[in-house]
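Going by the UniProt record's numbering, the residue at position 27 of the sequence shown is 27; the numbering climbs one at a time, nothing skipped.
We put the beta carbon where it would ideally sit given N, CA and C, even for glycine.
Read through the structure below, which is laid out as structure tokens, and then see the notes.
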Amino acid sequence: MHNKTLSELSEMLHKGEITSVELTRHFLDRIKTHNTELNAFISVCEESALAQAAAADEQLKNKTAGKLTGIPMAHKDIFCTKGVRTSCASKMLDSFVAPYDATVVEKIAASGMVMLGKTNMDEFAMGSSNETSYYGPVKNPWDTDRVPGGSSGGSAAAVAARLAPIATGTDTGGSIRQPSSLCNLTGLKPTYGRISRYGMIAFASSLDQAGPMAANAEDAALLMNAMSGFDERDSTSVEREVPDYTATLNDSLEGLRIGLPKEYFGEGLDPQVAATIETAIKEFEKLGATIKEISLPNTHLAVPTYYVVAPAECSSNLSRMDGVRFGHRAENPKDLQDLYQRSRSEGFGAEVKRRIMIGTYVLSAGYYDAYYLKAQQCRRLISDEFQQAFNEVDVIMGPTAPTTAFKLGEKTNDPVAMYLADIYTISTNLAGLPGMSIPAGFAEGLPTGLQIIGNYFDEGRLLNIAHRYQQVTDWHKQVPKAFA
Ligand code: GLN
């Protein structure tokens, strides 16, 4: 049952072959059995999930149910959920119970889905391995000695081990796509502004975007339908109609122009990962696409630019976590200064502190022009370069990550090595473009991911390309043996 697609589950629910309560119990049981090992969930919401499932069953009975009604899902613990702890995997928010739902949570609940719980992540979404969580690392279901990727590592592990049929993630520099790649999932980071950020705890506001982490492209399209759209509570959400993302899944790929940036296939890319990507590209040629080598010469600027912009924005966003307005409060403060200082020292982990310090530094009066302003200029160069490429090609393809899942602890003492895990994903966030990762094969038993980057609001196209590929391959159907 846990290996069925959302459409299959929906059909079973609508035909009355199973109830939502039964389905929800099934996944809650799987979480009970496997979560101790994987640590994918921070909070499991058994009682409220069963209540939501019972309400869904009523709707199914009355014939007022929609396509997603009664299907369980999980939210990354970065989305505010009314009455449920929203920790962002930080000690800072360990006891924070959100007083309202994020728009994404509200919309998905309105579609009738059942929330199983909140998934583990890197603290405040800062990381590429899910090892910075206050609640401990998440294990990769493909090899529990390895990381699931990050920051949406809990969502990735939960869906990969089929503890939830689908989950939400957020992507500031790769956090949906990189864990999707490391765990064999289909993950989509939409265009900046496609999905409301209201109630999604801000890391770097000009880069953050929510999206689906799914077993396949059709499931991702269904969740995109539920999540997307304008929200007047988020001034950066775009007022633009939401297409039915499932309507174009089967469109032909005849004549599709694919660009392969030579910078994405250079030094640092694991040769075995490269081989799976090359095989995947051949599959697209068979489907009628044409391939063209392109160049994105400023790719090398993406990581340094991001590590100025993202810390700058996070240092500002996290200033509200001061033990007064939000967050952990130190005991017995001597005075106000001591209260702020100790609350923040005790509440934040090492990586978050590192980012706040870098961010404060690059924004300081004496260094602003040298770092922050320069980074904004580089950011513009990176987006312009993509627009030039899109004059010649429809989509850009390459690897999602330079390697398969690495060992737990392997990069924890080397922040720069960790930052390079996002070398292929970060540019899309800087440019605000949509990007997707889909299962592309295995290297020594570990999943690899193909990244597809599109122009603004081309999510439908990306899902279509992914779906057609998944009609002729079955990488996305592979499940780790221990969780099959
Ligand atoms: N790994 C990147 C970082 O640490 C991206 C994280 C993300 O996308 N949230 O900032």
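Output the distance between the C-alpha atoms of residue i and residue j, rounded to the nearest integer angstrom.
i: residue 339; j: residue 332; result: 8 Å
i: residue 181; j: residue 337; result: 44 Å
i: residue 248; j: residue 349; result: 44 Å
i: residue 385; j: residue 475; result: 32 Å
i: residue 483; j: residue 141; result: 8 Å
i: residue 43; j: residue 328; result: 19 Å
i: residue 120; j: residue 261; result: 33 Å
i: residue 422; j: residue 61; result: 46 Å
i: residue 291; j: residue 257; result: 6 Å
i: residue 409; j: residue 34; result: 22 Å
i: residue 14; j: residue 268; result: 49 Å
i: residue 76; j: residue 144; result: 20 Å
i: residue 254; j: residue 209; result: 31 Å
i: residue 219; j: residue 334; result: 54 Å
i: residue 173; j: residue 241; result: 26 Å
i: residue 466; j: residue 216; result: 8 Å
i: residue 90; j: residue 392; result: 44 Å
i: residue 166; j: residue 184; result: 13 Å
i: residue 300; j: residue 266; result: 11 Å
i: residue 324; j: residue 293; result: 54 Å
i: residue 19; j: residue 429; result: 40 Å
i: residue 84; j: residue 97; result: 5 Å
i: residue 230; j: residue 170; result: 17 Å
i: residue 321; j: residue 344; result: 7 Å
i: residue 6; j: residue 179; result: 21 Å
i: residue 250; j: residue 473; result: 15 Å
i: residue 308; j: residue 375; result: 6 Å
i: residue 439; j: residue 234; result: 32 Å
i: residue 395; j: residue 453; result: 6 Å
i: residue 157; j: residue 365; result: 42 Å
Contact check, residue i vs residue j under 8 Å by CB: the rounded distance?
i: residue 126; j: residue 79; result: That pair is no contact at about 17 Å.
i: residue 311; j: residue 358; result: 4 Å
i: residue 457; j: residue 191; result: 5 Å
i: residue 451; j: residue 402; result: So it is not a contact: roughly 11 Å between Cβ atoms.
i: residue 177; j: residue 427; result: About 12 Å; that fails the 8 Å criterion.
i: residue 112; j: residue 74; result: About 16 Å; that fails the 8 Å criterion.
i: residue 455; j: residue 390; result: 5 Å
i: residue 445; j: residue 243; result: The Cβ separation is near 38 Å, so there is no contact.
i: residue 88; j: residue 201; result: 5 Å
i: residue 138; j: residue 52; result: Contact flag wrong, Cβ pair sits at about 25 Å.
Look up residue i in the DSSP assignment and give the residues it is bridged to.
i: residue 124; result: For residue 124, which the question treats as bridged, DSSP gives no partner whatsoever.
i: residue 74; result: 117, 167
i: residue 143; result: 140
i: residue 189; result: 435
i: residue 451; result: 398, 437
i: residue 446; result: 443
i: residue 293; result: 260
i: residue 84; result: 81
i: residue 326; result: 321
i: residue 97; result: 85
Quiz item: Okay, do the stretch 8-15 and the stretch 66-82 touch, 3+ Cβ pairs below 8 Å being the bar?
Solution: yes
Quiz item: Hey, is the stretch 357-372 in contact with the stretch 96-115, meaning 3+ C-beta pairs nearer than 8 Å?
Solution: no
Quiz item: Taking only runs of the alpha helix (DSSP H) that begin and end inside the stretch 333-385, which ones reach a length of at least 4 residues, in chain order?
Solution: 336-347, 350-363
Quiz item: For the stretch 392-444, which segments carrying the alpha helix (DSSP H) assignment without a break, of at least 4 residues, lie completely within its bounds, in sequence order?
Solution: 415-419, 426-431
Quiz prompt | Stretch pair the stretch 159-177 + the stretch 29-39: three plus CB contacts closer than 8 Å | solution = yes
Quiz item: With a cut-off of 8 Å, do at least 3 Cβ pairs link the stretch 142-156 to the stretch 92-105?
Solution: no
Self-check item: In chain order, each beta strand (DSSP E) run of at least 3 residues that lies wholly inside the stretch 191-277
Solution: 209-214, 257-261
Exercise. Could you say if the stretch 274-292 and the stretch 413-420 meet the contact criterion of at least three C-beta pairs nearer than 8 Å?
Key: no
Self-check item: Minimum length 3: unbroken beta strand (DSSP E) runs contained in the stretch 38-65
Solution: 41-44
Exercise. Taking 8 Å as the threshold, find out whether the stretch 51-66 comes into contact with the stretch 126-139 through three or more Cβ pairs.
Key: no
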